[in-house]
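Before any comments, here is the structure.
2 protein chains.
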Amino acid sequence: MTENLSIIKIGGDLVNNDTVLASYLEALTRIDTPKILVHGGGKQATALNEQLGIASPMIDGRRVTTKEALAVVTMVYGGLINKNIVAQLQKYGCNAIGLTGADANSVVATKRSPIPIDFGYAGDVKEVNARFIYGLLKENILPVFCAITHDQKGQLLNTNADTMAAEIAMALTTYYKVSLFYCFDKRGVLYDVADESTLIDQLNTGTYTKLKQQGKIHQGMLPKIDNGFHALTNGVDTVRIGNITMLTQSANKCTQLFL
Amino acid sequence: MTENLSIIKIGGDLVNNDTVLASYLEALTRIDTPKILVHGGGKQATALNEQLGIASPMIDGRRVTTKEALAVVTMVYGGLINKNIVAQLQKYGCNAIGLTGADANSVVATKRSPIPIDFGYAGDVKEVNARFIYGLLKENILPVFCAITHDQKGQLLNTNADTMAAEIAMALTTYYKVSLFYCFDKRGVLYDVADESTLIDQLNTGTYTKLKQQGKIHQGMLPKIDNGFHALTNGVDTVRIGNITMLTQSANKCTQLFL
Chain H
2 MTENLSIIKI
12 GGDLVNNDTV
22 LASYLEALTR
32 IDTPKILVHG
42 GGKQATALNE
52 QLGIASPMID
62 GRRVTTKEAL
72 AVVTMVYGGL
82 INKNIVAQLQ
92 KYGCNAIGLT
102 GADANSVVAT
112 KRSPIPIDFG
122 YAGDVKEVNA
132 RFIYGLLKEN
142 ILPVFCAITH
152 DQKGQLLNTN
162 ADTMAAEIAM
172 ALTTYYKVSL
182 FYCFDKRGVL
192 YDVADESTLI
202 DQLNTGTYTK
212 LKQQGKIHQG
222 MLPKIDNGFH
232 ALTNGVDTVR
242 IGNITMLTQS
252 ANKCTQLFL
Chain L
2 MTENLSIIKI
12 GGDLVNNDTV
22 LASYLEALTR
32 IDTPKILVHG
42 GGKQATALNE
52 QLGIASPMID
62 GRRVTTKEAL
72 AVVTMVYGGL
82 INKNIVAQLQ
92 KYGCNAIGLT
102 GADANSVVAT
112 KRSPIPIDFG
122 YAGDVKEVNA
132 RFIYGLLKEN
142 ILPVFCAITH
152 DQKGQLLNTN
162 ADTMAAEIAM
172 ALTTYYKVSL
182 FYCFDKRGVL
192 YDVADESTLI
202 DQLNTGTYTK
212 LKQQGKIHQG
222 MLPKIDNGFH
232 ALTNGVDTVR
242 IGNITMLTQS
252 ANKCTQLFL
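Read top to bottom, the protein sequences are chains H and L.
Heads up: the first sequence is residues 2 to 260, going by this note's numbering.
Heads up: the second sequence is residues 2 to 260, going by this note's numbering.
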């Protein structure tokens, strides 16, 4: 029987609050299966950009990664957040290792074409070195990825953390039965973001397409859901979106995606 | 016959200049033996401290690592410098991985006692996980360490990079015949810092003690030399201090330490 593997992506809002983050990390260590953590960054990078007076241009609601912004992201995601998560996990007796995609060539990306829109140093994942990651898991080491990749030509690239998690999940299906968890502060995908009782506990592609056309899915959820369906189509066994309790309480409601 | 291993520590001044750093990294990739890189940080952390208005107190000529300064060091050494070095090495086809001591629990330290002097979040190396590092080297992966460690209780600690290199070198003698190289911008230990022709090409403990008593050794060299002798006393085969050419040109003059 193929062994289970959990890929857990935790979002920016969770990472910004030390107490919330600590409870997530503690919950993580209680998951029995091998696991991989992928984290976003969010507010801390924005705050440092502001402190340093670095402009942070947006096009079509998406941030442009200038050279200066990439340096900040590398410092905040790759250094501050990543290494503090690793140190916290070590405290809980969990042997974590912090990685960018450049480390051991684990996640290679291509710089996004500047045409039609130049998003700067943004990378789209090209290849995941599943063999190396598998080797770590076999040694009982928990890989903690921040969403930075490289192009094998010396350039680091800022990458979407939801996509990074999905790509790693897909690549690891060679070795494991993979479950992908998108963790954030809501119970899952909601009809009404302000009302947690409006949870959609099962979402298939047909319903998703309809709801999206009707504008009933919150904009911020689209990357998670799109990446989640992409992962399901490419061999990942289950994709769930929800809050911390879905990691530790099996009866807890969250949103599960179905093709 | 035991295999050779080179531990190369590159100092702050080299790391601060992109062109110089690139030539070092390129030279590194031409060394045939397995190798480990340890880098300092220096000016970039100081510059970020200044930009952010973070005080950087000194006691007895040594910097105190406040909580805020530790965050900066974690960003600059653990993120910006470390990940850019890794990406550059990957460009040269060298499969590098960037690490702090927290990663895979590779270097554990103890927070320095606040008595008699409180240096803040400064760590003294307690244990090096040589087995993990050996496993990477066996996979043809080049570990790149920044001088940050952890205490296994969730705390990252700022550590002297010369000491970190010496401790890693000593720990790896279990598996290899180890050569330790302290690389900086001079040809080695000089009688007169302003005159490269005054190189001391061989330095033993007796001569060192005398020269130190006479105040003839530049203050900045003491940690390298002290750590170097400590390494030699603890099984490291050779310790050399010099510039980039000692890595690639065997006939080049540098300072070699002898007990």
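Glycine included, every Cβ here is placed at the ideal spot set by N, Cα and C.
Please read these numbers as outputs of a predicted model, since none were measured by experiment.
CB of residue i within 8 angstroms of CB of residue j, strictly
i, j, result
"residue 258/H", "residue 223/H", "no"
"residue 81/L", "residue 165/H", "no"
"residue 41/H", "residue 148/H", "yes"
"residue 129/H", "residue 108/H", "yes"
"residue 85/L", "residue 157/H", "yes"
"residue 201/H", "residue 189/H", "yes"
"residue 120/L", "residue 66/L", "yes"
"residue 39/L", "residue 169/L", "yes"
"residue 159/L", "residue 71/L", "yes"
"residue 143/H", "residue 96/H", "yes"
"residue 25/L", "residue 245/L", "yes"
"residue 103/H", "residue 175/H", "no"
"residue 21/H", "residue 29/H", "no"
"residue 225/H", "residue 163/H", "yes"
"residue 181/L", "residue 167/L", "yes"
"residue 179/H", "residue 238/H", "yes"
"residue 8/H", "residue 55/H", "no"
"residue 152/H", "residue 112/H", "yes"
"residue 43/L", "residue 184/L", "no"
"residue 177/L", "residue 3/L", "yes"
"residue 204/H", "residue 256/H", "yes"
Neighbour-count burial assignment, residue i, 16 or more Cβ in a 10 Å radius
i, result
"residue 114/H", "exposed"
"residue 48/L", "exposed"
"residue 122/L", "buried"
"residue 199/H", "exposed"
"residue 219/L", "exposed"
"residue 63/H", "exposed"
"residue 116/H", "exposed"
"residue 101/H", "buried"
"residue 35/L", "buried"
"residue 247/H", "buried"
"residue 89/L", "buried"
"residue 228/H", "buried"
"residue 192/H", "exposed"
"residue 207/H", "exposed"
"residue 139/H", "exposed"
"residue 10/H", "buried"
"residue 79/L", "buried"
"residue 46/L", "buried"
"residue 260/L", "exposed"
"residue 221/L", "exposed"
"residue 118/L", "exposed"
"residue 141/H", "exposed"
Under the three-state DSSP convention, the category residue i falls into
i, result
"residue 244/L", "coil"
"residue 14/H", "helix"
"residue 183/H", "strand"
"residue 91/L", "helix"
"residue 45/L", "helix"
"residue 99/H", "strand"
"residue 144/H", "strand"
"residue 53/H", "coil"
"residue 266/H", "No answer is possible for residue 266/H: the residues shown for chain H start at 2 and end at 260."
"residue 86/L", "helix"
"residue 30/L", "coil"
"residue 35/H", "coil"
Bridge-paired residues (DSSP) for residue i
i, result
"residue 255/L", "Partner(s): none; residue 255/L has no beta bridge."
"residue 125/L", "111/L"
"residue 203/L", "257/L"
"residue 40/H", "11/H, 147/H"
"residue 178/H", "5/H"
"residue 159/H", "123/H, 149/H"
"residue 191/L", "200/L"
"residue 239/H", "180/H"
Taking a cut of 8 angstroms between CB atoms, which residues from the segment 79-93 of chain H lie near chain L? 79, 80, 81, 83, 84, 85, 87, 88, 89, 91, 92
Check each residue of the segment 91-112 of chain H: if its Cβ is closer than 7 angstroms to any Cβ of chain L, include it; give the result in chain order. Of all residues in the segment 91-112 of chain H, 91, 92, 96, 98, 99, 101, 103, 104, 105, 106 have a Cβ within less than 7 angstroms of some Cβ in chain L.
Along the segment 144-175 of chain L, what residues have a CB closer than 8 angstroms to any CB found in chain H? 149, 151, 153, 154, 155, 156, 157
Using a beta-carbon distance cut-off of less than 9 angstroms, what residues from the segment 24-38 of chain L approach chain H? none
At a Cβ cut of 7 angstroms, what residues of the segment 36-68 of chain L count as close to chain H, listed as they run along the chain? 52, 53
Taking only beta carbons into account, state which residues of the segment 124-141 of chain H come closer than 9 angstroms to chain L, listed in chain order. 133, 136, 137, 140
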